[in-house]
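A.B. asks:
Residue numbers (UniProt numbering): 1 to 651.
So this is what it looks like as structure tokens:
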């Protein structure tokens with residue numbers, strides 16, 4: 001099968017090339033005119049004169065043919081230019097009937113811009129579907145030069161990133177960019193929030209590892225600056241679960257006090273070397289004072305041996321604190337009637353071993369009111385938590401339930417944002433996986449108020465003002481219901497224009513409603529009542545999803561009569577993220593209280609499971625400010641405590 005390729009740009013280029021070539025030929029002919037039309041005879045005989053006349057005649061005929069060829073060339077060039085212009089006019093006329101740009105692209109439907117390959121793109125040089133911007137390769141990207149799906153920003157590689165030069169999944173935060181005027185950039189990994197992070201769920205800059213909060217940390221779950229290891233809180237620590245600054249070792253072994261730089265176990269003070277020293281610059285065991293060398297010395301600048309217990313009211317050996325029971329305890333006291341019980345505790349009212357904080361139950365806790373292991377923060381229940389009020393393990397943020405969360409108020413794993421429920425979310429009030437945006441429900445969404453996957457819309461990238469969200473996949477516009485729409489208020493797929501019902505349109509229709517059975521304005525979808533809704537069966541304003549009744553809802557079947565947005569499914573409270581929440585500002589599942597994180601909490605500001613009291617972290621606590629499980633008293637760590645200010649069990 002034969003075909004003709006007619007491109008106005010190529011025809012104009014060919015005409016220019018012919019003109020340039022003709023000019024060179026004419027110049028060469030003029031230079032050879034005298035030599036070819038007036039050939040001199042080689043000698044004064046008749047034969048030489050005849051030969052010269054013959055060649056001169058051929059030269060004259062050549063010059064005549066050259067003039068005719070130049071005339072033909074000029075006319076052909078004029079014809080090419082005229083044909084190219086006529087073809088371009090015809091193409092433009094045909095494109096205007098279709099509502100397309102004359103250079104709409106190579107292949108696809110509903111594109112607005114130049115040289116797009118795919119459908120529903122707005123911009124130029126995009127390859128894929130539903131991109132809004134230029135030079136994107138993939139689908140649902142908002143910005144330029146992104147490679148992947150659902151990215152928002154510039155030069156991102158991966159899925160659901162917000163910012164620029166991020167490589168991976170769900171890096172960056174739309175809320176951070178809009179509220180703090182900070183843009184996450186040059187991150188490698190997943191759910192990082194900041195700059196130059198390598199790993200997953202880091203918050204800050206120049207972190208290497210998982211779930212770090214701060215700057216320059218290397219490891220897992222560190223909170224602070226320039227820490228190396230696991231679960232350290234502070235600055236310049238190397239080890240596990242350290243609390244303070246410039247510590248080396250394992251948390252709970254040394255309590256930093258006002259200084260630090262201790263080497264050994266259960267030292268309280270600064271620059272101590274040994275075990276259970278209280279003071280500064282001691283060498284040995286259980287010395288109380290400063291600059292001592294020995295065992296059990298009391299005072300300053302002593303060398304030798306004192307009593308094996310240098311503290312008061314102690315039972316055991318090598319205790320330098322007060323009212324301690326056990327071995328090598330350097331803390332203690334009578335605050336709240338508490339004392340240490342166990343080994344190498346340097347804090348107050350601890351039960352267990354190597355606790356450097358106070359009111360801890362467990363091992364190697366450097367913070368206060370912890371139940372568990374290696375907690376450097378306070379009011380935690382779990383393992384290696386460097387933040388506070390968390391339930392789980394390796395949480396560097398505040399009020400989290402789960403694992404490796406460096407953010408705040410999250411339920412799940414590796415969430416670096418705020419009030420998210422799910423996995424590796426870097427944004428704010430998201431429900432799902434790898435979301436870097438704001439109030440999204442789904443996966444890899446980097447925009448605002450989207451329900452689905454790989455949506456980057458609901459936000460103006462130039463002004464960072466938020467609009468209505470999308471329902472579907474790969475949408476980069478706003479208030480779309482469907483797939484790969486880069487315009488606004490479309491119901492369908494591959495629409496680069498706006499207010500379309502169907503597919504593949506680059507036109508912008510009149511009105512503010514697309515879809516079927518809708519009543520109101522600024523609506524896409526089906527059977528919605530109100531305004532600024534996207535989806536199906538929503539009644540109210542600013543809803544996206546399915547069967548939402550109220551205002552500002554995102555998800556499915558939420559029944560709230562005011563502008564207090566929920567994100568998730570079947571929430572009947574206000575400002576909830578998750579499932580079946582009936583209270584206010586809850587994150588998780590079936591919470592009926594206020595500002596709870598977790599499952600089935602009915603009290604206030606609880607983190608964990610089925611807490612009925614307030615400010616508890618753990619399981620089934622009915623008192624206040626407890627960590628652990630089933631404490632009915634107040635300010636306890638451990639389990640089944642009915643009194644106040646205690647650590648341990650059944651007290």
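We put the CB at the ideal spot given by N, CA and C, even for glycine.
1. Between the alpha carbons of residue 121 and residue 558, how many angstroms are there, rounded?
2. Under 8 Å by Cβ, that's how I've got residue 531 and residue 541 pegged, so tell me the actual separation to the nearest angstrom.
3. Quick check: the segment 631-642 against the segment 347-359, are there 3 or more CB pairs under 8 Å?
4. Consider the Cβ of residue 517: report whether some Cβ of chain C lies at a distance smaller than 8 Å.
5. Apart from the five residues on each side of it in sequence, which residues of its chain come closer than 8 Å, Cβ to Cβ, to residue 497?
6. Three or more C-beta pairs closer than 8 Å, one from the segment 425-444 and one from the segment 167-181: is that the case here?
7. Contact check, residue 610 vs residue 600 under 8 Å by CB: the rounded distance?
8. For residue 139, is the classification buried or exposed, using 16 other Cβ atoms within 10 angstroms of its Cβ as the cut-off for buried?
9. Starting from residue 625, trace the beta strand (DSSP E) both ways and give me its first and last residue.
10. Count the other CB atoms within 10 Å of the CB of residue 659; is the residue buried (16 or more) or exposed (fewer)?
11. Would you mind listing the beta strand (DSSP E) stretches within the segment 151-224 that are 3+ residues and don't spill past its ends, in chain order?
12. In the DSSP assignment, find the unbroken beta strand (DSSP E) run with residue 398 in it and report its ends.
13. Out of curiosity, what's the CA-to-CA distance linking residue 652 and residue 306?
14. Put residue 369 into one of helix, strand or coil per three-state DSSP.
15. Can you tell which of 444, 388, 251 has its C-alpha closest to the C-alpha of residue 159?
16. What did DSSP end up calling residue 536 once you bin it into helix, strand or coil?
17. Please go through the same chain and pick out, in chain order, the residues whose beta-carbon is closer than 8 Å to the beta-carbon of residue 290, but skip the five residues on each side of it.
18. Give the range of the beta strand (DSSP E) segment to which residue 445 is assigned.
19. Taking only the alpha-carbon atoms, compute the straight-line gap between residue 435 and residue 392 and give it to the nearest angstrom.
20. Measuring CB atoms only, is the segment 309-322 touching the segment 226-239, in the sense that at least three cross pairs come out at less than 8 Å?
21. For residue 114, write down the residues that DSSP places opposite it in a beta bridge.
22. For residue 5, which residues of its own chain have a beta-carbon under 7 Å away from its beta-carbon, when the five flanking residues on both sides are left out?
23. Buried or exposed for residue 152, going by 16 or more other Cβ atoms inside 10 Å?
24. For residue 484 and residue 129, which I take to be in contact (beta-carbon distance under 8 Å), what is that distance rounded to the nearest angstrom?
25. Could you tell me the boundaries of the beta strand (DSSP E) in which residue 433 lies?
26. Got a sec? Which residues, its chain only, sit under 6 Å from residue 592 by beta carbon, not counting five neighbours each side?
27. Which class does residue 424 belong to by DSSP, given the choice of helix, strand or coil?
28. Does the beta-carbon of residue 519 have 16 or more other beta-carbons within 10 angstroms, so that it is buried, or is it exposed?
29. Output yes or no for whether 8 Å exceeds the beta carbon distance between residue 422 and residue 452.
30. If you draw a straight line from the C-alpha of residue 142 to the C-alpha of residue 552, how long is it?
31. If you follow the beta strand (DSSP E) that residue 390 is in, where does it begin and where does it stop?
32. Around the C-beta of residue 374, are 16 or more other C-beta atoms found within 10 angstroms, so that it is buried, or is it exposed?
33. With residue 635 as the anchor, note down where its beta strand (DSSP E) starts and where it stops.
34. In the DSSP assignment, the beta strand (DSSP E) including residue 245 goes from what residue to what residue?
35. Quick one: using the 10 Å Cβ neighbour count with 16 as the cut-off for buried, is residue 521 buried or exposed?
C.D. replies: If we stick to the structure as given:
1. Counting from 1 along the chain shown, the entry for residue 121 is found at position 121. Counting from 1 along the chain shown, the entry for residue 558 is found at position 558. Taking the straight line from one Cα to the other gives about 33 Å.
2. Taking the chain shown and counting its residues from 1, the one referred to as residue 531 is at position 531. Taking the chain shown and counting its residues from 1, the one referred to as residue 541 is at position 541. Cβ-Cβ separation between residue 531 and residue 541: approximately 5 Å, consistent with a contact (criterion under 8 Å).
3. A contact exists between the segment 631-642 and the segment 347-359.
4. Given the protein chain composition of this structure (a single chain), no chain C is represented.
5. Here residue 497 refers to the residue found at position 497 of the chain shown. Closer than 8 Å at the Cβ level, and outside the excluded window around residue 497, lie 99, 110, 112, 487, 490, 505, 506, 507, 508, 509.
6. The answer is yes - the segment 167-181 touches the segment 425-444, with three or more Cβ pairs under 8 Å.
7. The residue labelled residue 610 in the question sits at position 610 within the chain shown. The residue labelled residue 600 in the question sits at position 600 within the chain shown. Rounded, the Cβ-Cβ distance is 4 Å, consistent with contact.
8. Indexing the chain shown from 1 puts residue 139 at position 139. The Cβ neighbour count for residue 139, taken over all protein chains shown within 10 Å, is at least 16; the residue is labelled buried.
9. Here residue 625 refers to the residue found at position 625 of the chain shown. For residue 625, there is no enclosing beta strand (DSSP E), since its DSSP letter is neither H nor E.
10. This structure cannot speak to residue 659, because the chain is shown only from 1 to 651.
11. Listed in chain order, they are 152-154, 157-159, 162-164, 167-169, 188-190, 193-195, 198-200, 203-205, 208-210, 213-215, 218-220.
12. The residue labelled residue 398 in the question sits at position 398 within the chain shown. For residue 398, there is no enclosing beta strand (DSSP E), since its DSSP letter is neither H nor E.
13. An answer regarding residue 652 cannot be provided, because it is not within the stretch 1 to 651 covered by the chain.
14. As a working note, residue 369 is residue 369 in the chain shown. Coil at residue 369, not helix or strand.
15. The residue given as residue 159 occupies position 159 in the chain shown. Of the candidates 444, 388, 251, 444 places its Cα closest to the Cα of residue 159.
16. In the chain shown, counting from the first residue as 1, residue 536 sits at position 536. Residue state for residue 536 is assigned as strand, using DSSP reduced to three classes.
17. In the chain shown, counting from the first residue as 1, residue 290 sits at position 290. The residues are 269, 279, 280, 281, 282, 300, 301.
18. The residue you call residue 445 lines up with position 445 of the chain shown. Where residue 445 is concerned, there is no enclosing beta strand (DSSP E), given that its DSSP letter is neither H nor E.
19. Taking the first residue of the chain shown as position 1, residue 435 is located at position 435. Taking the first residue of the chain shown as position 1, residue 392 is located at position 392. When rounded, the separation of the alpha-carbon atoms in residue 435 and residue 392 is 22 Å.
20. They do not touch, by the three-pair rule.
21. Working through the chain shown from its first residue, we reach residue 114 at position 114. Looking at the DSSP assignment, residue 114 forms a beta bridge with 124.
22. Residue 5 sits at position 5 when you count from the first residue of the chain shown. Residue confidence is low: residue 5 scores 44 on pLDDT, short of 50, so the model does not pin down where it sits. Its coordinate-derived value is still stated next. None.
23. By one-based count along the chain shown, residue 152 stands at place 152. Buried: at least 16 other Cβ atoms inside 10 Å.
24. For this step, residue 484 is matched to residue 484 along the chain shown. For this step, residue 129 is matched to residue 129 along the chain shown. Contact between residue 484 and residue 129 holds: their C-beta atoms lie close to 4 Å from each other, under 8 Å.
25. In the chain shown, counting from the first residue as 1, residue 433 sits at position 433. For residue 433, the uninterrupted beta strand (DSSP E) run begins and ends at 431-433, by DSSP.
26. Your numbering for residue 592 matches position 592 in the chain shown. These residues qualify, in order along the chain: 582, 583, 602.
27. Along the chain shown, read from residue 1 onward, the residue named residue 424 stands at position 424. Looking at residue 424 - three-state DSSP - the assignment turns out to be coil, as it is neither helix nor strand.
28. Here residue 519 is taken as the residue at index 519 of the chain shown, counted from 1. That one is exposed.
29. Working through the chain shown from its first residue, we reach residue 422 at position 422. Working through the chain shown from its first residue, we reach residue 452 at position 452. The answer is no: Cβ separation not under 8 Å.
30. By 1-based counting over the chain shown, the position of residue 142 is 142. By 1-based counting over the chain shown, the position of residue 552 is 552. Their backbone Cα atoms lie some 23 Å apart in a straight line.
31. The sequence position of residue 390 within the chain shown is 390, counting from 1. Taken as a continuous stretch (DSSP letters only), residue 390 belongs to no beta strand (DSSP E), as it is neither H nor E.
32. On the chain shown, residue 374 is found 374 positions in, with the first residue counted as 1. With 16 or more other Cβ atoms within 10 Å, it is buried.
33. Within the chain shown, the letter at position 635 stands for residue 635. That residue, residue 635, is in no beta strand (DSSP E); it is neither H nor E in DSSP.
34. Counting from one through the chain shown, the residue named residue 245 turns up at place 245. 243-245 is the extent of the beta strand (DSSP E) around residue 245.
35. Translated into positions along the chain shown, residue 521 becomes position 521. So residue 521 counts as exposed.
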